[in-house]
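**Student:** Starting off with a structure, shown below.
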Amino acid sequence: VSGAGTDSDPVQRALDQALRAGADAADALLVASDSVEARVRGEEIDFVSEARGHTLGIRALVAGSGGYRSAITSTSDLATDAVDRMAREAVALAHATAVDPAAGLPDGGFADECPELALFNAADRDVGVEARIQDAITAERAARATDPRIRNSEGSQIGSGFSRVCYGNTAGFVGSYDTASHSLFSEPLAAQNGSMQRDYWMTLAHRLADLEDAAAVGRRAAERALRRLGSRPIPTCEAAVIFDPVTAPSLLGHIAACVNGYSIYRESSYLAGRLGEMVASECVHVIDDGRRPGGLGSKPFDGEGLPTRRNVVIDRGRLSCYLLDSYSGRKLGLASTGNAARGAGGPPSVAPTNLWLEPGDADLDDLVASTQRGLLVTELIGMGFNAVTGDYSRGAAGLWIEGGEIAYPVDEITIAGNLADMLATIDAVGSDLLWLGRIASPSLRVARMTIAGT
Amino acid sequence: MSESKAYAGDDALAFFEDRFGLGDAELAIALDTALERHIDYADLFFEYTTADSVMLEEGIVKTGDRHVEQGVGVRAQAGERQGYAHSDDVTVASVKLAAASARAISQEGSAGGSALVATAAPGARDLYPVAIPPTEVPVARKVELLEAIDVYARSLDPRVKQVMASSLSQHRRVLVVGSDGTRSADVRPLVRLNVQVIAAAAGGVRREVGYQGMGGRFEFERLLDPSQWRPLVEEAVRIAVLNLDSVPCPAGTMNVVLGPGWPGILLHEAIGHGLEGDFNRKQTSAFSDKLGRRVAAPGITVVDDGTLAGRRGSLNVDDEGCPTQRTLLIEDGILVGYLQDRLNARLMGMQPTGNGRRESYAHLPMPRMTNTFMLAGEDDPEDILGSVENGLYAVSFGGGQVDITSGKFVFSASEAYRIEGGRIGAPVKGATLIGNGPDVLTRVSRIGNDLELDRGVGTCGKNGQSVPVGVGLPTVRIDGLTVGGTGA
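So the protein sequences, as listed, match chains A and B. Everything in the first sequence is counted per the numbering used here, starting at 1265 for the first residue and increasing by one. Everything in the second sequence is counted per the numbering used here, starting at 222 for the first residue and increasing by one.
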């Protein structure tokens, strides 16, 4: 794809050595990165941390009767003798595994062009850590200046990281790209009458220029913490539940887990076998697009060298595709959707790239105003989702809505339902799509859930 | 103070010197570089880790992997500030470079003074001696184990449709060299076996999952013993099949009985995190300023103990070179201690408790738990269940989370039952428990005599760092806990 340069040398060497050691096919991934993180708390720097590292992963495929045996090795030691040894070990380890008819490299169709995805701005490398720390100081001061009840914090943290990803395989593909990630996160504490509440706000982007204003991040974090003061549980009831753009993406994450090709062929998802069926209300339109410019999950090719692309996952409520790599695709008799994710230390797996729910027309205020009685969820805790059954039960905090208006803050409650029912009863989708990560959503309202409290 | 003990670490000391050429002179130079400005404390953390894992599904072992990770982290502390730099390039030059980065945290000039590198003392204890490192056990034997597990799981019940099993082996060598003369090395084996089963109702569409795992810092050989792995498989199958008949969990406030062992995750979430030194120094914990105050019912004593032989959460020395210990957190209901690392202990005028831990050389240490559990009481578990007219009996959990500041915690049951008339009733699904940390243990009305530790599967996440931990609990009754579910 793009100029491979010297970064491809360890990759090429790993491939050559794997073949020499007896592999019939192989691929290799090299990720080299350097980063800095710092946190400011009050007027003091809490920590500054700098990192530099690289990891090479090698997958060896050894042909057997009707398939391949496979294994992976990885090392952060890129000396040629270490690379050679890890390549040989990958082949030796593969011999200990079983022949898998679905294993193997993709059958072709590798990425052959490199679209400009705005993953990196070279000039950002020249911005020193001092300037980034100044962002954290600005956010921290803004948070604390918002209200006298903000007197403490967990701090404001910045991060800047630059990575170069190089992937190659013995089918002849080799490609690399640069990507960067910059972030600012602020987490103030509000205190009143002896009780404390925290909350956060953050901004995350490939390019520094795309970050939200630092003072605005601090203020928004403070406002979120302040509105939680005086939170209390509510009596157990059934009511409408609105998820805001901070909590709604978790539902998209659950959808992603349930349309993951591995969960489908294992039948460990309640959505297995439901392709083409209505699985959500008509206002649910979910898209995964690995080539969204500036998207936090964007990349020119996936973890197997296949081009990333746009996939409509749920089309006006109808399940229109699973997310697949070549392995899970073969298991299901389908083509890869370009969703192979890959870390240097593991085999390809499936992950969404940029996954979002298409926004509707109403803003969050409209959603609240049209809710007679319900809960606006602003934070979820715990891991109460079961992809096999769709059962959902999580700890929540937020704001109680009475007569279309915010009444008071609530916490120490749970919200429960089944994802199938929740998706089918989404009756409003907001216009406020917000990218705080690779998975994003506007506000949305589920008509009815069980809320457990006092 | 100065720690200069080497435990299991004699081999590790020789290893680092041999592999990277890092002898006393080289280490002293690196530390001196870090100390060129006004620095209260500086340390070097070296790591060399090998790991492997094997994974089975659909009746075959589809893949295996093997990893080598090495690196060094250099830290400098000045007041509340910490500078850290790490690299996977372990050479004298890169260590010096990292030290220069780390010391930039201090704005002040040289305070002079050079690092004292103590000589290692002979080993005092080894909580996890292994004759053969787990990563040296041939992969073929791990493959055979997983295949035997698959066959056994399917033989137990025809409703078993999927079996996923995996083994993980890790062999980690670490060396900590501190500017106060600390020089500690450790060799840490860690093994784990996971079994997940999906069962489907005969002729029905309903599918449920059952999981069970075990592990710790011991020989991989133990996992190969059928008397160890068979009960694990039986449990995973039993839970999956049981959940096929589960009913929706009732929602609301009720009396809850927690079974022994893994439900100790309650202590980890509700209490343990809130007692970590960093949150208390910063006054951001719901437990801040509660030392000496009642935070639990009389009779409740909670400890964190990193010195239990072979346990997943145990360490000979923590990741700052301090020996682990048994730390009393709550004594007869009164809060008596925090979990400390070096930085927070120094700033709070307390002693380190051997709880300074990090995920790897690429991470700054923080106060973290080791094995956290409640000591046994005197009640018969049967009597405790019998004392509840209507409520919930929770035996196993998936995971939990806490908001340190508000104290609110949540955890999700993977095996739970209704209690009806003092007896165990129908299994329920999707039960989530939520409560308030400083309050929940004051509601404990009965404490069982049956303390158990978990099977060695806990992993704790904090600020993006994962470390292995253990938990334990006797059967306890908690009055008036909020239970989340969808049932009536």
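We put the CB at the ideal spot given by N, CA and C, even for glycine. Note that the structure is predicted; figures quoted are calculated from it, not measured.
Give me the Cα-Cα distance between T1443/A and R664/B, rounded to the nearest whole angstrom.
**Tutor:** If I take the Cα positions, the gap works out to 51 Å.
**Student:** Helix, strand or coil for V364/B per DSSP?
**Tutor:** In this structure, V364/B counts as helix in the three-state DSSP scheme.
**Student:** Contact criterion: CB-CB distance below 9 Å. Does T1678/A meet it with respect to chain B?
**Tutor:** Output row for T1678/A: interface = yes.
**Student:** Decide yes or no for the touch test of the stretch 583 to 600 of chain B against the stretch 1310 to 1325 of chain A: beta carbon pairs closer than 8 Å, at least 3 of them.
**Tutor:** Yes: at least three Cβ pairs fall under 8 Å.
**Student:** May I ask you to list the residues that DSSP assigns as paired with Y614/B?
**Tutor:** BP columns for Y614/B point to V478/B, Y638/B.
**Student:** Does C470/B get closer than 9 Å to chain A when you measure Cβ to Cβ?
**Tutor:** It does; some Cβ of chain A falls within 9 Å.
**Student:** Counting only beta-carbon separations shorter than 9 Å, does E710/B have a partner in chain A?
**Tutor:** Only positions 222 to 709 of chain B appear in this structure, which leaves residue 710/B out of reach.
**Student:** Quick check on DSSP: helix, strand or coil for V516/B?
**Tutor:** In this structure, V516/B counts as coil in the three-state DSSP scheme.
**Student:** Applying a beta-carbon distance threshold of less than 7 Å, which residues of chain B neighbour G1681/A?
**Tutor:** Residues of chain B passing the Cβ test: T707.
**Student:** The stretch 1604 to 1619 of chain A: which residues have C-beta closer than 7 Å to a C-beta of chain B, in chain order?
**Tutor:** Going along the stretch 1604 to 1619 of chain A in chain order, one finds G1609, G1610, P1611 with a Cβ nearer than 7 Å to chain B.
**Student:** Quick one: any contact between the stretch 657 to 675 of chain B and the stretch 472 to 484 of chain B, if contact means 3 or more CB pairs under 8 Å?
**Tutor:** Judged by Cβ distances under 8 Å, the stretch 657 to 675 of chain B makes contact with the stretch 472 to 484 of chain B, as three or more pairs qualify.
**Student:** Does chain A have any CB closer than 9 Å to the CB of D309/B?
**Tutor:** Interface residue, yes.
**Student:** Please tell me whether S1445/A and Y1526/A are closer than 9 Å, where the distance is taken between their beta carbons.
**Tutor:** Contact flag unset, no.
**Student:** Identify every residue that forms a DSSP beta bridge with N1682/A.
**Tutor:** Answer is D1655/A, bridged to N1682/A.
**Student:** Can you give the Cα-Cα distance for Q1493/A and T1714/A, rounded to whole angstroms?
**Tutor:** With the sequence shown as reference, residue 1493/A is identified as Leu, and Gln is not the correct amino acid for it. Rounded to whole angstroms, L1493/A to T1714/A spans 24 Å at the Cα level.
**Student:** Is it buried or exposed, T271/B, if we count other Cβ atoms within 10 angstroms and call 16 or more buried?
**Tutor:** Label assigned to T271/B: buried.
**Student:** Over what stretch of residues does the alpha helix (DSSP H) that includes K1595/A continue unbroken?
**Tutor:** Segment 1590 to 1596, the alpha helix (DSSP H) holding K1595/A.
**Student:** By the 9 Å beta-carbon criterion, what residues does the stretch 1645 to 1667 of chain A contribute toward chain B?
**Tutor:** Listed by position, the residues of the stretch 1645 to 1667 of chain A near chain B (Cβ gap below 9 Å) are I1645, G1646, M1647, G1648, F1649, N1650, A1651, V1652, T1653, D1655, Y1656, S1657, R1658, G1659, A1660, A1661.
**Student:** Using a Cβ cut-off of 8 Å, pull out every chain B residue sitting near F1311/A, in sequence order please.
**Tutor:** Ordered by position in chain B, the residues that pass the 8 Å Cβ test against F1311/A are R302, Q303, G304, Y305, I326, L585.
**Student:** State yes or no: is the beta carbon of R1702/A nearer than 9 Å to at least one beta carbon in chain B?
**Tutor:** Output row for R1702/A: interface = no.
**Student:** Hey, does G1737/A have any beta-carbon neighbour from chain B nearer than 9 Å?
**Tutor:** The structure shown does not extend to residue 1737/A, since chain A is modelled only from 1265 to 1718, so the question has no answer here.
**Student:** Which runs of the alpha helix (DSSP H) spanning at least 4 residues fall entirely within the stretch 1611 to 1676 of chain A, listed in chain order?
**Tutor:** For the stretch 1611 to 1676 of chain A, whole alpha helix (DSSP H) runs of length 4 or above, ordered along the chain, are 1628 to 1633.
**Student:** Count the C-beta pairs between the stretch 448 to 468 of chain B and the stretch 533 to 550 of chain B that are closer than 8 Å, then say yes if the count reaches three, no if not.
**Tutor:** Because the criterion of three Cβ pairs below 8 Å is not met, the stretch 448 to 468 of chain B and the stretch 533 to 550 of chain B do not touch.
**Student:** Would you please verify whether the beta carbon of V338/B is less than 9 Å from any beta carbon of chain A?
**Tutor:** The predicted model places V338/B with a pLDDT of 45, which falls under 50 and marks its position as unreliable; any figure quoted below should be read in that light. Chain A contact via Cβ: absent.
**Student:** Give me the Cβ distance between V690/B and G534/B, rounded to the nearest whole Å; I'm assuming they're in contact under 8 Å.
**Tutor:** Right, their Cβ atoms sit about 4 Å apart.
**Student:** Just the chain A side, please: which residues come within less than 7 Å of E290/B by C-beta, in chain order?
**Tutor:** Those within 7 Å of E290/B in chain A are S1340.
**Student:** How many Å lie between L1639/A and T528/B at the Cα?
**Tutor:** Rounded to the nearest angstrom, the two C-alpha atoms are 46 Å apart.
**Student:** Determine whether the Cβ of Q1461/A lies closer than 9 Å to any Cβ atom of chain B.
**Tutor:** It does: the Cβ of Q1461/A has a partner Cβ on chain B nearer than 9 Å.
**Student:** So I250/B is in the alpha helix (DSSP H); what residue range does that whole segment cover?
**Tutor:** That run of the alpha helix (DSSP H) goes 245 to 255.
**Student:** Taking contact to mean 3 or more Cβ pairs, one atom from each stretch, closer than 8 Å, check whether the stretch 1472 to 1484 of chain A and the stretch 610 to 630 of chain B are in contact.
**Tutor:** These segments do not touch.
**Student:** With a threshold of 8 Å on Cβ separation, who are the neighbours of D671/B within its own chain once the five nearest residues in sequence on each side are excluded?
**Tutor:** The answer, listed in chain order, is P481, A597, P602, P695, T696.
**Student:** Report buried or exposed for A716/B, applying the criterion of at least 16 other Cβ atoms within 10 angstroms of its Cβ.
**Tutor:** One cannot answer for residue 716/B here, as it falls past the ends of chain B, which runs 222 to 709.
**Student:** Does D273/B come within less than 9 Å of chain A when only Cβ atoms are used?
**Tutor:** For D273/B, the answer is yes, since a Cβ of chain A falls inside 9 Å of its Cβ.
**Student:** With 8 Å as the limit, tell me which residues of the stretch 1403 to 1433 of chain A have their beta carbon closer than that to any beta carbon of chain B; keep them in chain order.
**Tutor:** Within the stretch 1403 to 1433 of chain A, the qualifying residues are N1416, S1417, E1418.
**Student:** Leaving out five residues before and five after I460/B in sequence, what residues of the same chain have Cβ atoms less than 6 Å from its Cβ?
**Tutor:** For I460/B, where only same-chain residues beyond five positions count, the Cβ hits under 6 Å are G431, E636.
**Student:** Grouping DSSP H, G and I as helix and E and B as strand, with all else coil, what is S1450/A?
**Tutor:** Here S1450/A sits in strand by DSSP.
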